[in-house]
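First the structure, in the form of structure tokens, and then the observations on it.
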Amino acid sequence: MAARKEILEVAGREVTVSNPDKVFFPTTGHTKLDLVRYYLAVADGALRGVSGRPMALKRFVHGAEGDFFFQKRAPSSRPDWIETVELSFPSGRTAEEIVVRDAAQLAWIVNLGCIDLNPHP
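According to my numbering, the sequence shown is numbered sequentially starting from 747.
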């Protein structure tokens with residue numbers, strides 16, 4: 747059986763929340779959908795800190811108490827409204843990273859398990 751998904755209308759876009767009932771905060775029982783809704787409630791303030799800046803995705807795919815990993819490169823499977831920018835590093839390597847500018851893009855990265863936001867300076 748396929749996992750349940752929740753579709754949210756955000757900033758004129760459809761944002762799919764995969765596994766919305768997955769518990770991200772075991773102590774309180776808050777779910778991934780709760781986290782996405784929280785970020786939507788505080789989106790104006792969150793966007794003031796990250797808007798227009800490339801993001802390193804710190805992903806907690808097993809919830810807040812699980813291990814996390816950093817993902818610099820934008821996932822290849824993403825909606826066409828997810829903006830990216832190519833960064834160049836002193837080593838000569840490049841990476842295409844996500845740039846968040848609106849609440850829909852913010853909700854999309856939170857759905858990836860990003861509990862905290864990590865923009866480049």
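Here a beta-carbon is modelled for each residue, glycine too, at the ideal position from N, C-alpha and C.
- A distance of 8 Å or more separates the beta carbons of T830 and V846.
- For K768, the secondary structure class from DSSP, reduced to helix, strand or coil, is coil.
- Between the alpha carbons of A850 and P836 lies a gap of roughly 32 Å.
- Between the stretch 748 to 759 and the stretch 808 to 822 there are fewer than three C-beta pairs closer than 8 Å, too few to call the two in contact.
- Under the three-state reduction of DSSP output, A749 falls in the coil class, being neither helix nor strand.
- A straight line joining the alpha-carbon of V756 with that of A820 spans about 21 Å.
- Contact annotation: L863 and M801 have beta-carbon atoms nearer than 8 Å.
- The Cβ atoms of I861 and A787 lie no closer than 8 Å to each other.
- Assignment of K778 by DSSP, reduced to helix, strand and coil, places it in the helix class.
- Y785 sits buried, since 16 or more C-beta atoms from the chains shown fall within 10 Å of its C-beta.
- Short of 7 Å from the beta carbon of E760, and not among the five residues preceding or following it, lie these beta carbons of its own chain, in chain order: I753.
- In its chain, beyond the 5 residues on either side, K751 have a beta carbon closer than 6 Å to the beta carbon of S764.
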